[in-house]
Amino acid sequence: RYVPSTSRFLMPILSDKFPFVQKSSRTLECYMHNLLRVSVYIPDLRRDIIELIISKMLTLDVSAPRSEIEEVESGAQQDANGASQDDCLFDMDEEEDSPLDSSRPDGAVMVHPVAERLDMMMTVLLAYIKDICHVNGSLDIEKTKALYRDLVSVFDKVVLPTHASCHVQYYMFYLCSFRLGLAEAFLDHLWKMLHAPNQPPVLRQAAAGYMGSFMARAKFLTVSTVKACLDLLVPWLHLYINSQDSGSKAFCDVNLHGSFYTACQAVFYTLIFRHNAILEGNMKKGLAYLQGLNLERIVMCQLNPLRVCLPAVTNMFAAITSSGKLIEPIYQVWEEPSDCMIHVPKKKVRKGSMEEEDDFLHGGTPHGDSVVGMTPGSYDSHLHSPRSVGSPPVSFLQRPF
Numbered sequence: 001r002y003v004p005s006t007s008r009f010l011m012p013i014l015s016d017k018f019p020f021v022q023k024s025s026r027t028l029e030c031y032m033h034n035l036l037r038v039s040v041y042i043p044d045l046r047r048d049i050i051e052l053i054i055s056k057m058l059t060l061d062v063s064a065p066r067s068e069i070e071e072v073e074s075g076a077q078q079d080a081n082g083a084s085q086d087d088c089l090f091d092m093d094e095e096e097d098s099p100l101d102s103s104r105p106d107g108a109v110m111v112h113p114v115a116e117r118l119d120m121m122m123t124v125l126l127a128y129i130k131d132i133c134h135v136n137g138s139l140d141i142e143k144t145k146a147l148y149r150d151l152v153s154v155f156d157k158v159v160l161p162t163h164a165s166c167h168v169q170y171y172m173f174y175l176c177s178f179r180l181g182l183a184e185a186f187l188d189h190l191w192k193m194l195h196a197p198n199q200p201p202v203l204r205q206a207a208a209g210y211m212g213s214f215m216a217r218a219k220f221l222t223v224s225t226v227k228a229c230l231d232l233l234v235p236w237l238h239l240y241i242n243s244q245d246s247g248s249k250a251f252c253d254v255n256l257h258g259s260f261y262t263a264c265q266a267v268f269y270t271l272i273f274r275h276n277a278i279l280e281g282n283m284k285k286g287l288a289y290l291q292g293l294n295l296e297r298i299v300m301c302q303l304n305p306l307r308v309c310l311p312a313v314t315n316m317f318a319a320i321t322s323s324g325k326l327i328e329p330i331y332q333v334w335e336e337p338s339d340c341m342i343h344v345p346k347k348k349v350r351k352g353s354m355e356e357e358d359d360f361l362h363g364g365t366p367h368g369d370s371v372v373g374m375t376p377g378s379y380d381s382h383l384h385s386p387r388s389v390g391s392p393p394v395s396f397l398q399r400p401f
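For the sequence shown, full-length UniProt numbering begins at 1 and goes up steadily by one.
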């Protein structure tokens with residue numbers, strides 16, 4: 001307000017002064033919290049600030065594979081249960097942050113140092129999203145829409161092109177959980193990117209992966225929304241097959257047909273988790289819908305999607321469609337009395353590489369059981385309260401989601 005050019009010169013300074021990602025969790029927390037406060041009293045910088053924060057979080061995310069984090073946390077759990085001390089894999093860089101004595105509301109600190117920093121940053125970001133979108137405990141639609149536009153823009157710019165991100169993308173899942181309309185808008189956004197021929201193939205494939213994961217794992221999505229998305233994806237697959245059947249490129253090739261294969265995998269993955277919901281209530285109507293998808297044509301086409309899709313997805317899709325018979329029509333299995341109530345196998349699929357994980361939700365939520373809410377007014381533009389400076393305290397109200 002007093003220096004109109006602030007937005008031009010401040011952002012480079014904020015970026016240059018961002019602490020190195022290997023600094024302590026407390027240092028990152030304080031800086032991140034104050035950055036988000038800046039976004040409140042200088043709204044023009046909000047998108048750039050969020051982009052800066054998420055870029056730093058992605059740096060942490062891709063540097064710590066999920067398998068590595070799970071191995072370290074598992075070893076620490078064994079030690080806590082009295083297992084051999086030889087199983088300890090890492091020592092915390094910051095001695096004052098004891099993994100057994102946390103000041104967090106949930107009392108949990110991750111042993112893996114990178115995972116702990118990322119977990120803390122995710123907690124602050126999600127709390128910021130909640131505080132911006134809610135006023136006096138009620139969802140403010142206009143503020144939520146404005147924040148959604150900023151977050152989607154950042155998602156397209158930095159998250160979508162990033163390979164092997166496990167956790168950061170969860171912020172979009174959390175925001176969309178506030179209102180079904182947001183989730184539908186996000187799915188529509190991903191769909192438009194998938195079938196836009198002017199988009200780079202890698203982004204189209206990433207969009208399909210996120211779309212499938214979101215439909216499969218977001219419990220707040222209604223069956224009608226999932227079916228509406230399938231009604232977009234499946235006809236597009238059939239049209240793609242039609243366009244290739246008589247051509248010279250009608251053979252299995254990831255480089256040529258990458259978008260087709262990722263869209264197939266999105267459909268298969270969605271049905272793995274949603275087939276029961278589609279059949280519930282009206283079995284006859286659900287079966288008729290599944291028959292209308294004509295999945296056997298997709299499976300048996302010359303492009304051979306089952307050969308390209310991830311083995312974990314292929315195996316589970318086979319289990320819920322044809323009891324191991326990969327190309328048998330889906331409806332024939334459910335017509336058999338012994339298999340009419342078939343469920344997704346409870347046996348865990350073998351662990352694979354990062355490419356075999358869920359694109360959107362394989363990282364899960366932050367380690368805490370709830371999203372920490374910021375103190376009332378902690379992002380207010382006024383600076384009179386000493387509690388408005390620095391990172392937030394850790395003893396305020398939790399709001400489970």
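From the three backbone atoms N, C-alpha and C, an ideal C-beta is built for every residue, glycine too.
Option nearest residue i by Cα separation, candidates the options
i	options	result
residue 407	ARG274, HIS189 and ILE241	This structure cannot settle anything about residue 407, because the visible part of the chain is limited to 1 through 401.
PHE178	ALA277, LEU293 and LYS145	LYS145
ASP231	GLN291, LEU125, ASN34 and GLY137	GLN291
CYS30	LYS17, ILE42 and ASP61	LYS17
ALA127	GLU116, GLY181 and HIS33	HIS33
VAL152	ALA312, THR321, LYS285 and ASP188	ASP188
CYS264	LEU28, SER39, GLU296 and PHE155	GLU296
PHE186	PRO197, GLN199, LEU147 and HIS163	LEU147
VAL154	ARG46, ALA228, LEU287 and MET316	ARG46
VAL223	PRO200, ILE278, TYR170 and SER246	ILE278
ALA196	TRP236, ARG8, ALA228 and PHE251	TRP236
ASP253	LYS284, LEU293, SER138 and VAL308	VAL308
GLN199	ILE272, GLY258 and GLU70	GLY258
SER67	GLN302, ALA164, ARG217 and ASN276	ALA164
THR6	SER39, LYS23 and PRO19	SER39
ASP245	GLY181, ASN304 and LYS23	ASN304
ARG37	ARG217, LYS23, LEU125 and ARG117	LEU125
ILE272	ASP150, CYS166 and THR321	THR321
PRO43	PRO4, GLU71 and LYS23	PRO4
TYR170	ARG217, LEU139 and LEU180	ARG217
CYS166	CYS229, ASN242 and SER213	SER213
Same chain only: Cβ atoms within 6 Å of residue i, ignoring 5 sequence neighbours per side
i	result
THR262	GLN205, ALA208 and GLY209
VAL202	none
SER15	LEU52
PHE268	VAL313 and PHE317
GLN302	ALA250
ALA64	VAL114 and ALA115
ALA76	VAL111
VAL23	In the sequence under discussion, the amino acid at residue 23 is Lys, which differs from the Val named in the question. Hits under 6 Å: none found.
Nearest-angstrom beta carbon gap, residue j and residue i [assumed within contact, 8 Å]
i	j	result
PRO59	VAL21	It should be noted that the sequence gives Thr, not Pro, for residue 59. Their Cβ separation, rounded to whole angstroms, is 5 Å, which keeps THR59 and VAL21 in contact under 8 Å.
LEU175	ILE141	Incorrect: roughly 13 Å between the Cβ atoms, too far for contact.
TRP191	MET211	6 Å
ILE184	THR225	The question names Ile, yet the displayed sequence has Glu at residue 184. With a Cβ gap of about 6 Å, GLU184 and THR225 count as contacting.
MET193	THR270	Not confirmed; about 17 Å, so no contact.
MET121	LEU28	6 Å
LEU293	ALA266	Their Cβ separation, rounded to whole angstroms, is 13 Å, which puts LEU293 and ALA266 out of contact at 8 Å.
residue 406	ILE69	Lying before the first or after the last residue shown, residue 406 is absent from the chain, which here runs from 1 to 401.
LYS219	TYR289	No, LYS219 and TYR289 are not in contact; Cβ-Cβ is about 20 Å, not under 8 Å.
ARG117	SER25	5 Å
Cut-off 7 Å between Cβ atoms - residues of its own chain near residue i, not counting five sequence neighbours on either side
i	result
LEU256	LYS249
TYR240	PHE260
VAL168	ILE54, MET57, LEU58, ASP61 and VAL159
GLY286	ILE278 and LEU279
PHE9	none
LYS157	GLU51
PRO19	THR27, LEU28 and TYR31
ASN282	none
Own chain residues within Cβ distance below 8 Å of residue i, not counting five before or after
i	result
GLY74	Position check: residue 74 holds Ser in this sequence, whereas Gly was assumed. Hits under 8 Å: none found.
ASP48	MET11
PRO161	VAL202, LEU203 and ALA206
LYS347	Bear in mind that a pLDDT of 40 at LYS347, under 50, signals an unreliable position, so the number given afterwards is only what the model happens to contain. Taken in chain order, the list of residues that qualify is empty.
LYS143	ILE132, CYS133 and VAL135
HIS238	ASN294, ARG297 and ILE298
CYS229	LEU187, TRP191, MET211, MET215 and THR270
LEU180	PHE220, LEU221, THR222 and THR225
Residues bridged to residue i (per DSSP)
i	result
SER138	VAL135
Which ranges would you report for the alpha helix (DSSP H) in the stretch 268 to 314 if only whole runs of at least 4 residues count? 283 to 292, 295 to 300 and 305 to 308
Residue ranges of each beta strand (DSSP E) within the stretch 157 to 244, 3 or longer: none
Quick check on the DSSP output: what are the complete beta strand (DSSP E) runs of length 3 or more inside the stretch 5 to 43, in order along the chain? none
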